[in-house]
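Count the sequence shown with mature numbering (1 follows the signal peptide of the UniProt record, and there is no 0) and you get residues -26 to -1, 1 to 310, in order. In this text, a Cβ means the ideal position worked out from N, Cα and C, and glycines have one as well. Notes for the one structure printed next.
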Amino acid sequence: MSLKPRIALLSVFVSAGLLVAPTAQATETRATTVDPRPSTAKLAFELHKLAALSHGKIRVDRIGRSNEGRPVWAARVGHGKTRIQYVTQQHGDEPLGTPAALEFLRKVGVGHSPWAQKLLAKVTVDIVVRANPDGHERDWRYNYDPDATPEYGEKGKGYDINRYHDPAVAPKDNPATEAGLIQRRNASFKPDIMVDYHMQGRYQDAKGKEITASTMWPTHPGVKPSDVDFAKQIAVVVQRSIDGNGGYVSQYPGGDYQGIARNGYGLLGNGSVLIELSLIPEREQQQIQDALASMLAIAQSAADGSVRKVDPADAEAIPPRGPALPGTVEEAHEAA
């Protein structure tokens, strides 16, 4: 069945009362296995299903189209003063932030738990879910642009979207179409916090313990020190949430180029943080749950103000990422 009839059928079920939000108990006991790479059609269907199940709490928008005409979706939930933006899958072959985003929306937007209602009264969360659908279809890093002759990307293939967030470049002049869509969404939403979800290879620390995720704050010298400190506070929340969920977070050794999202949006005053989930096939479902844990922890700490009580200096104590795990292929290029 095509997407439009499926969404229409879903609407009929909701209107008829045949599809109702699950109880809190049902939410807690639902199967933990999620699709790590939902198709383009399934992603759209799941987003609209969640919107219907939420009875209006989740709002889904098409913020534009990719170069091949695929929709780029954003979902918004909450009505609080503090604004948080998550972006997933700028690189098409780095998928796991996307199912985590769906699970976040399900957790906070569906049902009527007192915890979620309190959270959504304090924060508004906007998620660009799978920023690069064309790259996803091809299972490659770039967007799709056969005419591309990019400074960052590959000629004849496409642009590396996460090199085209320079605040000095207007969205209408951005050669990376999908990066321009994120720029516009960010400018209209004006988030306090912006978190960009990626994936990396397999790495270890200095003692040989495998890293399951890495995080980093803006490193461009033009970002205000107060905004860097705020991003460091968020990074510590990320570390504590993922480590507390059974993972192991390191610092990410990223560059200071202003077109990288964590730098570009840091220059705009966002508390801007990168999260890199390691590519660990045997731990894939747990990686999704770790990403979800970080999304929930960031939102909760922003809602109750505890993120502002974190000592930014604690971020420097996050262990550095070490060499590639023996027997794995190190990434050919820096992911973010």
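Contact set for residue i: own chain, Cβ-Cβ below 7 Å, skip 5 residues either direction
| i | result |
| --- | --- |
| A153 | I135, Y138, H139 |
| K206 | W191, P286, A289 |
| R44 | T14, P107, D108 |
| N219 | Q263, D264, A267 |
| G296 | Y177, Q178, D179, A180 |
Residue i versus residue j - alpha carbon distance
| i | j | result |
| --- | --- | --- |
| G130 | K96 | 46 Å |
| W114 | H65 | 7 Å |
| A18 | R36 | 10 Å |
| M190 | K198 | 16 Å |
| M173 | E128 | 19 Å |
| N41 | A122 | 11 Å |
| A90 | V61 | 21 Å |
| R282 | K55 | 15 Å |
| V82 | G52 | 9 Å |
| P294 | G30 | 43 Å |
| S28 | V84 | 5 Å |
| A287 | P141 | 27 Å |
| D119 | K16 | 24 Å |
| N117 | Q274 | 33 Å |
| S188 | S13 | 26 Å |
| F163 | G301 | 43 Å |
| V143 | G196 | 16 Å |
| F78 | R50 | 11 Å |
| H110 | Q63 | 8 Å |
| A180 | R33 | 44 Å |
| E20 | P227 | 35 Å |
| R158 | L266 | 25 Å |
| D278 | R39 | 36 Å |
| S200 | V284 | 13 Å |
| F204 | G233 | 20 Å |
| R112 | Q261 | 22 Å |
| L76 | R214 | 22 Å |
| P149 | V46 | 16 Å |
Boundaries of the alpha helix (DSSP H) in which residue i is found, first to last residue
| i | result |
| --- | --- |
| S13 | Element bounds for S13: n/a, residue is neither H nor E. |
| E152 | 151 to 163 |
| S268 | 258 to 278 |
Short Cβ contact (8 Å threshold) for residue i with residue j
| i | j | result |
| --- | --- | --- |
| A298 | Y177 | yes |
| P10 | P88 | no |
| I272 | V212 | yes |
| T193 | D230 | yes |
| Q263 | T7 | no |
| R257 | V247 | no |
| V102 | A48 | yes |
| residue 386 | S280 | Because the chain in this structure spans residues -26 to 310, residue 386 falls outside the shown range and cannot be described. |
| Y133 | P145 | no |
| I156 | S224 | no |
| R104 | L24 | no |
Element boundaries [beta strand (DSSP E), containing residue i]
| i | result |
| --- | --- |
| P45 | 45 to 52 |
| V97 | 97 to 103 |
| D35 | 32 to 39 |
| Q225 | 223 to 225 |
| Y116 | That residue, Y116, is in no beta strand (DSSP E); it is neither H nor E in DSSP. |
| G245 | 245 to 252 |
| R236 | Looking at the DSSP string, R236 is not in any beta strand (DSSP E); the run it does join, the alpha helix (DSSP H), is 235 to 241. |
| I135 | No beta strand (DSSP E) holds I135; DSSP gives it neither H nor E. |
8 Å Cβ shell around residue i - same chain, five flanking residues per side excluded
| i | result |
| --- | --- |
| N160 | Q59, M168, Y239, L242, N244 |
| A276 | T56, I58, K96, V97, D166, I167 |
| A(-6) | Reliability fails at A(-6), whose pLDDT of 33 lies under 50, so the model's placement of it is uncertain and no value is given. |
| H92 | Residue 92 is actually Lys in this sequence, not His. Closer than 8 Å at the Cβ level, and outside the excluded window around K92, lie A277. |
Residues of its chain near residue i, where Cβ-Cβ distance is below 6 Å and the 5 sequence neighbours each way are ignored
| i | result |
| --- | --- |
| A209 | T189, W191, V247, A289 |
| A68 | The sequence shown places Glu at residue 68, rather than the Ala named in the question. Counting only Cβ-Cβ distances below 6 Å, and skipping sequence neighbours, we find H172, M173. |
| T151 | N41 |
| L94 | G52 |
So does the segment 175 to 194 actually touch the segment 252 to 262, counting three or more Cβ pairs closer than 8 Å?
-> Judged by pairs of C-beta atoms under 8 Å, the segment 175 to 194 touches the segment 252 to 262, as three or more such pairs exist.
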